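Here's the structure we're looking at; comments come further down.
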Amino acid sequence: MILDSFKLTGKVAIVTGCNTGLGQAIAIGLAEAGCHIVGINRSAPSETIHKMEKGGHRFLDLRADLLKQAHIPALIEQAIEEYGHIDILVNNAGIIRRQDAIDFTEQDWDDVMDVNAKTAFFMSQIVAKQFIQQGNGGKIINIASMLSFQGGIRVPSYTASKSALMGLTRAMANEWAVHNINVNSIAPGYMETNNTSALREDAERNEAILARIPAQRWGKPVDVAGPCVFLASEAANYMHGYTIAVDGGWLAR
Ligand code: NAD
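Numbers 16 to 268, taken from the numbering used here, label the letters of the sequence shown in order.
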């Protein structure tokens, strides 16, 4: 039955940055589809834990600052110790810094590139090694952006990092497809999360953004959960290196 290929019963999914926003909605969506979740967060994911408990889902709470890559091997070891295997990685943690390109600092460049691109790559690398060792393939889903496709305004390191992430999605897919590892991305449009609160509070920008979205609304975190479950499932077994926009039609315009 086709719907069975969307089920994720007993799969183990790592989701980075799931204490809030898109990561929380993705973690809950994957859990509802049958996954046990490993959440990697900088601060306590209290609300997510509460929601997981309420839904009767298993959730392993790991803490790390993903600005640095040194903790990554220990995190993966803890996940395997708890669940015995890993099947899905969602590289969701991300940051943004806003400043005119003319005044942009090296710190704002490095921090954003480190979390959004470098950590996502090295997290994927170590999980891909685990997938190869397990011998059953696996799924890697990167959370890209409209700025994987467009230039943006006042966010040069974010644009660089998310454009890099879309390129890396293709590069990793090319090398790891032979191991039945599917590497794909989701590019959310303008979504209601902490990441975009500054934009939504700026009446002029808010109006301009809404006027350009064919769906005429900001996206909700739950809007990315379904596409993520799909990419994490057997239904997406022949998808490699693609970035799906979930954007209310923003890019179609
Ligand atoms: P958010 O700020 O609510 O969530 C970001 C998450 O990343 C949080 O859980 C945060 O704790 C985590 N994080 C950031 N730096 C970290 C670090 N050093 N170590 C560990 N965790 C860290 O924003 P969001 O909108 O939910 O963002 C989730 C992802 O979606 C990001 O990659 C973001 O770039 C991307 N995205 C968001 C939008 C949007 O409109 N909101 C659009 C496109 C892409």
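Backbone N, C-alpha and C define an ideal beta-carbon position, used for all residues, glycine too.
If you're wondering where the values come from, they're calculated on a predicted model, not measured in any experiment.
- With a cut-off of 7 Å, the C-beta of Cys33 is classified as near the ligand NAD, since at least one heavy atom of the ligand falls inside that distance.
- Restricted to the region 135-171, the beta strand (DSSP E) segments that are unbroken, complete and at least 3 residues in length are 153-158, listed in chain order.
- Not one heavy atom of the ligand NAD is found less than 7 Å from the C-beta of Val30.
- Beta-bridge partners assigned by DSSP to Phe74: Ile52.
- Per the C-alpha coordinates, the member of Glu222, Ile156 and Leu225 positioned closest to Met187 is Ile156.
- In this structure, the CA atom of His100 is about 7 Å from the CA atom of Val27.
- Of the candidates Val237, Met181 and Ser248, Met181 places its Cα closest to the Cα of Ile259.
- Counting the other CB atoms within 10 Å of its CB gives His51 a total of 16 or more, which places it among the buried residues.
- Counting C-beta pairs with one atom in each stretch, the region 61-68 and the region 83-91 have fewer than three that are closer than 8 Å, which means they do not touch.
- Just measuring C-alpha positions, the residue of Ile103, Ala192 and Leu81 sitting nearest His255 is Ala192.
- C-alpha of Ile110 to C-alpha of Met138: approximately 16 Å in a straight line.
- Nearest C-alpha to Ile147 among Glu190, Asp126, Asn34 and Val244: Glu190.
- Restricted to the region 192-221, the beta strand (DSSP E) segments that are unbroken, complete and at least 3 residues in length are 196-203, listed in chain order.
- Taking a 10 Å sphere around the C-beta of Ile168, we find fewer than 16 other C-beta atoms and assign the residue as exposed.
- Its chain contains Thr35 and Gly36 as the residues whose beta carbon lies nearer than 8 Å to that of Asn209, once the 5 sequence neighbours on both sides are disregarded; these appear in chain order.
- The beta carbons of Val239 and Ile196 sit about 21 Å from each other, so the pair does not count as a contact at 8 Å.
- The closest heavy atom of the ligand NAD lies 7 Å or more from the beta carbon of Asn221.
- Relative to the Cα of Phe164, the nearest Cα in the group His72, Asn221, Asn106 and Pro203 belongs to Pro203.
- Short of 6 Å from the beta carbon of Ala132, and not among the five residues preceding or following it, lie these beta carbons of its own chain, in chain order: Ser176, Ala179 and Leu180.
- The nearest non-hydrogen atom of the ligand NAD is 7 Å or more from the C-beta of Ser139.
- Separation of the CB atoms of Lys144 and Ile103 is rounded to 15 Å, and the pair is thereby denied contact status at 8 Å.
- The closest heavy atom of the ligand NAD lies less than 7 Å from the beta carbon of Asp80.
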